[in-house]
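Protein chains in written order, with the working numbering: chain A, 1 to 239; chain B, 1 to 426. The C-beta atom is built at its ideal place from N, Cα and C for all residues, glycine as well. None of these values were measured; they are calculated from a predicted model.
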Amino acid sequence: MDWFSFIVAGIMVYVAVAVFLIGSIYRVIQWRRAPKSTVKQGMFPRAENPFKRTLKLGKDSLLFPQVLDTDRWMWFFVIGMHLAGIGLFFGHLRLLFEITPLYNALGAGGMETLASWVGGAIGISLFIAFTYFLLRRFKSPYRELSVPEDYLLLLLILLLVLLGDHLRLTHPFDLASYRDYMSSLLHFKPAFSTAITFSADKWVLDAHVLTANMLLIYFPFSKLVHAMGGFAGNLLRSE
Amino acid sequence: MVTREEQDLAVKILDEKTNRQLLYYLDICTRCGICKDACHQYVATGDVLYLPASRAQLIRKVFRKYFTIQGKLIPSVVEATAPNDKLLEDLYRASYACTSCRRCMYYCPFSIDTTWFTSIGRAMLVAIGRGATILGELADAAIMKGENIDMFRDILIEGLKDTEDEFKARVGDPAATIPIGKKGAHSLYVALAGTHTILPMAIIFHQAKADWSLSLFEAANYGYFYGDTARAKKIAQRFVDEAKALGVQELIISECGHAYRVMEFLYEAWAKEKLPFKIRAVVDVMHDYIKEGRIKLKPGSLLEPVTYHDPCQVGRNGGFYEEPRNIVKAVAADYREMTPNREKQWCCGGGGGLVAESEFDTLRQVSGQKKVEQIRKTGAKVLVTPCENCRLQIEMLNEKNNLGIRISSMMDLVVESMDLPGAKPA
C-alpha cells in the first residue's frame with residue numbers, strides 16, 4: 001500500500017468510523033440530556049394505545065405517507081433511495097461475510113450473477129435518486145430554502161455513488177481483492193491486494209473510500225442525523 | 001440598528017428556550033420542502049418566508065452560529081448567522097404572521113412543529129423590544145385588569161344588567177341570574193370580552209340546570225400571542241386563581257381556540273403545577289348536555305345548507321372533531337362537509353393573534369383564499385365555527401369575497417335550536 005492509500009484507505013477509515021460512532025452517540029446523548037419540555041403536544045387524532053402509537057411511528061418514519069400525499073415523485077425517489085440504501089448496506093456487508101443461505105441456494109456463479117445485477121441496480125438507482133434530489137434543489141421554492149450544505153452533501157454523496165458504480169459496473173468485479181482489503185481493515189493491518197495495487201482502479205477505490213470517510217465524519221454534524229432523530233420527531237407528535 | 005447587547009439578549013432567550021424537542025427539530029429538518037403545501041400563507045402568497053421550513057430556518061441560523069461546531073467552523077456552508085437587522089425583520093414577519101395552525105406538522109415527514117420556532121422567535125423579539133406592540137398592549141391591559149379586579153368588579157356586574165334582563169326574558173324565569181363569584185359552583189365559565197358569549201351560555205346553563213359561575217375575566221390570552229410566557233401565564237392565572245378560590249370542579253373555556261389550548265396543553269407546564277380542576281372546552285360541555293338530554297334541540301330546524309369549519313386549536317390541536325359536528329348535524333337539515341376537513345382542514349388565516357394586528361390585514365385577506373374556495377364549494381349558506389378568531393376572520397372573508405353566508409358561533413346555533421319558554425329576541 002502506498003502512503004496515500006495507507007492514509008486514505010487505512011488510517012482515515014478508522015478515524016471516520018470513530019467520529020461517526022462517537023459523534024452519533026454524542027448527538028443522541030446531547031438530545032437526551034436536553035431538558036424535555038413538559039408542554040403536551042396535543043396533536044389530534046392521537047393513537048389510542050401504545051401499540052397503535054408504535055404502528056403509526058413505524059408507518060410515518062419508514063413509509064413517509066406525508067410525502068406520498070404531497071409529492072409523488074419525491075416519494076418515489078425517497079423510498080427508492082432508502083430501499084437502495086438498505087441493499088447497499090448488505091452489499092458491502094458481503095465484503096465481510098458471505099450471505100450463506102443465499103450462497104448455498106444459488107451457488108457461487110448464481111450468487112455472483114445476483115450480486116452483479118442487484119448491486120448494479122442499486123448503484124444506478126442511488127445515482128438517479130440523488131441526481132433528482134440535487135436537481136430539485138435548483139427549483140423554486142426548494143432553491144430559496146436550500147443552504148450550501150444541502151448541495152455539498154448531495155454532491156459528496158453523488159461522487160461517492162458514482163465512484164462505487166464505477167468499481168461495480170465498468171469491468172469484472174474483483175470480489176476476492178475487495179474482501180482481502182476489508183479483512184485487512186478488520187485486522188488493523190490495512191493493505192491492498194497486488195491486483196488492486198497494480199490496477200488503474202486503485203485511485204478510484206481510494207477516492208471512493210475517501211468520500212465515504214468524509215460522509216461518515218460529517219454525518220453526526222449534518223442533517224443526516226434525521227436517520228436517528230426522525231423517529232423521535234414522529235414520536236413527539238403523538239404525545 | 002440592532003445593538004450587540006440586543007443580539008446577546010436574543011441569543012440568551014434562544015439558549016434558555018432550547019429543549020429536547022427543539023434540538024430534535026433543529027437537527028432533523030432536511031429542508032425537503034414537503035411542508036410547502038401545508039401553509040395557507042405560503043400557498044396564497046408564494047412568499048418563501050412563509051414556508052414553514054423557512055420560518056424554522058431563521059432560528060436554526062442563529063442557533064448554528066452560537067451553539068454548533070459547524071456554525072463556528074464553516075458558518076457560510078451552514079448559513080450560520082447572527083441576529084442582524086435583516087434576520088430580525090424576517091423573524092418578525094415569519095413568527096408573528098404564523099397563525100400557529102400546525103397544519104405543517106401533518107405534512108412534515110418528521111412531524112416538525114413549526115410553532116416551537118415561531119413562539120421562540122416571538123420571545124426573542126419581545127426580549128429586545130421588537131415584539132408586536134398591539135399584542136403587548138392588549139396583554140398588559142388584561143394583566144392590569146387582573147391586578148385591579150376590585151376596581152373593575154362593580155363595573156362588570158353593572159354592565160351585565162341588560163344581559164341578565166334579556167336572559168330572564170328568554171328563559172321565562174324572573175328569578176334567573178347570571179351567577180358571579182359563586183362559591184362551591186361546579187363550573188367556572190370563562191367567557192370572551194363583551195356579552196355575546198355570556199348570554200347564550202347563560203341560557204344553555206340555565207336550561208341544562210348546571211351549577212355554574214361566570215368568571216370576572218375574559219378567556220383571550222394576548223400574552224400567548226405576544227410570545228411572552230410570563231405575561232401569558234399571568235393572564236391565565238387570573239381565572240385559575242378565581243377557580244381555586246371558588247373551589248370549582250371544572251373550568252369551562254368559551255369558544256376561543258387558543259384560550260382552550262393555553263389552558264389544556266400549556267398552562268400546567270408554565271406554572272409547574274397540577275390544576276385541581278378539569279379544563280373543558282365549551283363545545284364539549286354543550287355536546288355532553290345534548291347527549292345526556294339535559295338540553296333538547298329541534299332536529300332539522302336549520303333549513304339552510306350549513307357547513308362546519310374546524311378551528312385549528314379546537315380540532316387539530318384540541319381534539320374535538322366529532323363533538324361539534326354532532327351538534328351541527330343534530331339541527332341541520334342539510335349538512336355539507338368542507339374538503340379537506342378535520343386534521344387537514346385549512347386554517348382560516350386569522351389565528352395566532354393576526355385578527356388584532358392590522359399590519360397583517362392584507363395577508364389575512366389573501367391567505368384566507370383557500371378557506372373562501374372551500375366554503376364556496378360547499379354551497380352552504382350558514383357556517384358554524386366554535387372560535388372567535390375564526391368567526392371574525394371568516395366574517396371578513398365573507399364580506400370581502402361576497403360569499404353571502406351567515407357565520408354563527410356554536411352556542412348561538414344551539415340557543416336558536418332550543419325551544420325556550422320565554423320571549424324570542426326582536
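Along the alpha helix (DSSP H) that carries residue i, what are the first and last residues, could you check?
i	result
A:A19	A small correction: the amino acid at residue 19 of chain A is Val; Ala does not occupy that position in the sequence shown. Run containing A:V19: 12 to 33, per the alpha helix (DSSP H) assignment.
B:W270	267 to 271
A:L175	175 to 186
B:W346	Careful: B:W346 lies outside any alpha helix (DSSP H) and carries neither H nor E.
B:L188	B:L188 -> not in any alpha helix (DSSP H); beta strand (DSSP E) instead, spanning 187 to 190.
B:H40	40 to 45
A:A121	100 to 136
B:C104	103 to 107
What do you get for residue i, buried or exposed, if any count of 16 or more other CB atoms within 10 angstroms of its CB means buried?
i	result
B:Y224	buried
B:H40	buried
A:W117	exposed
B:D150	exposed
A:Y26	exposed
B:A53	buried
B:R391	buried
A:W3	exposed
A:Y14	exposed
B:R376	exposed
A:I29	exposed
B:F320	buried
B:E147	exposed
Ordered along the chain, which non-local residues of its own chain (more than five positions away) have a Cβ less than 6 Å from that of residue i?
i	result
A:S24	P220
B:F110	I28
A:D60	N234
A:A240	Examination of residue 240 of chain A is not possible in this model, given that chain A is present from 1 through 239 alone.
A:G91	G119
A:V19	I217
A:G87	I122
B:T229	W270
B:Y289	A208, I295
Which residues bound the beta strand (DSSP E) around residue i?
i	result
B:F307	Going by the sequence as given, residue 307 of chain B is Thr instead of Phe. 306 to 308 is the extent of the beta strand (DSSP E) around B:T307.
B:E250	250 to 253
B:V384	382 to 384
B:A281	278 to 281
B:R406	406 to 408
B:L214	212 to 214
Residues in the same chain with beta-carbon distance under 8 Å from residue i, minus the five sequence neighbours each way, listed in chain order, please.
i	result
B:T163	I178, T195, I198, L199, A202
A:G85	L126
B:T45	L363, V366, S367
B:A191	T197, I198, M201, L214, S215, E218, A219, S254
B:W212	P179, K182, A185, H186, S187, L188, Y189, F205, I252
B:K298	V331, S417, M418, D419
B:R55	L49, A94, S95, C98, T114, F117, T118, G121
B:L403	V372, I375, R376, L397
Spatial neighbours of residue i within its chain, please: CB distance less than 7 Å, with the 5 preceding and 5 following residues excluded, ordered by chain position.
i	result
B:S119	G227
B:A169	G422, A423
B:G71	R64, K65, V78, A80
B:C347	H40, T99, C101, R103, C312
B:K398	In the sequence as displayed, the identity of residue 398 of chain B is Asn instead of Lys. So the list reads I405, I407, once near-sequence residues are dropped.
B:A243	L188, L251, F277
* Please confirm if the region 66 to 86 of chain B is in contact with the region 94 to 109 of chain B, defined as three or more CB-CB distances below 8 Å between the two stretches. => no
* Between the region 141 to 173 of chain A and chain B, which residues of the former have CB atoms less than 8 Å from a CB of the latter, in chain order? -> P141, Y142, E144, L145, S146, V147, P148, E149, D150, L152
* Mind listing which residues of the region 84 to 113 of chain B have their C-beta closer than 9 Å to chain A's C-betas, in chain order? -> R102, M105, Y106, Y107, C108, P109, F110, S111, I112, D113
* To do: Spell out a yes or no on whether the region 212 to 230 of chain B and the region 274 to 281 of chain B are touching, meaning 3 or more CB-CB pairs, one atom from each, closer than 8 Å.
  => no
* To do: Give, in chain order, every residue of the region 19 to 42 of chain B whose Cβ lies closer than 9 Å to some Cβ of chain A.
  => N19, R20, Q21, L22, L23, Y24, Y25, D27, I28, C29, T30, R31, C32, G33, I34, C35, K36, D37, A38, Y42
* Any residues in the region 212 to 239 of chain A with a beta carbon nearer than 7 Å to a beta carbon of chain B? Which ones, in chain order? -> F221, K223, V225, H226, G229, G230, A232, G233, N234, L236, R237
* To do: With 9 Å as the C-beta to C-beta threshold (strictly closer), list the residues of the region 31 to 43 of chain A near chain B in chain order.
  => W31, R32, R33, A34, P35, K36, S37, T38, V39, K40, Q41, G42, M43
* Interfacial residues, the region 388 to 413 of chain B to chain A, with Cβ spacing under 9 Å -> none
* chain A contacts made by the region 255 to 281 of chain B, where a contact means CB separation under 9 Å -> R261, E264, F265, L266, E268, A269, W270, K272
* Mind checking the region 64 to 81 of chain B against chain A and listing, in chain order, the residues whose C-beta falls within less than 7 Å of any C-beta there? => I69, Q70, S76, V77, V78, E79
* Asked: Okay, do the region 131 to 145 of chain A and the region 16 to 28 of chain B touch, 3+ Cβ pairs below 8 Å being the bar?
  -> no
* contact_flag[the region 28 to 37 of chain A, the region 299 to 316 of chain B] where n(CB pairs < 8 Å) is 3 or more -> no
* If you pair each beta-carbon of the region 141 to 155 of chain A with each one of the region 190 to 203 of chain A, do three or more pairs fall below 8 Å? -> no
* What residues in the region 316 to 343 of chain B have a beta carbon less than 9 Å from any beta carbon of chain D? -> Judged by its chain identifiers, the structure shown contains no chain D, and its protein chains are A and B.
* Are the region 278 to 293 of chain B and the region 351 to 360 of chain B touching by the rule of at least three beta carbon pairs closer than 8 Å? -> no
* **Residues from the region 54 to 65 of chain A in contact with chain B, defined by Cβ distance under 9 Å** => D60, S61, F64, P65
* Listed from N- to C-terminal order along the chain, which residues in the region 290 to 318 of chain B have their beta-carbon within a distance smaller than 8 Å of any beta-carbon of chain A? -> G315, R316, N317, G318
* What are the residues of the region 117 to 131 of chain A that lie near chain B, defined by any Cβ-Cβ distance shorter than 8 Å? -> none
* **Positions along the region 185 to 208 of chain A whose CB lies within less than 7 Å of some CB in chain B** => none
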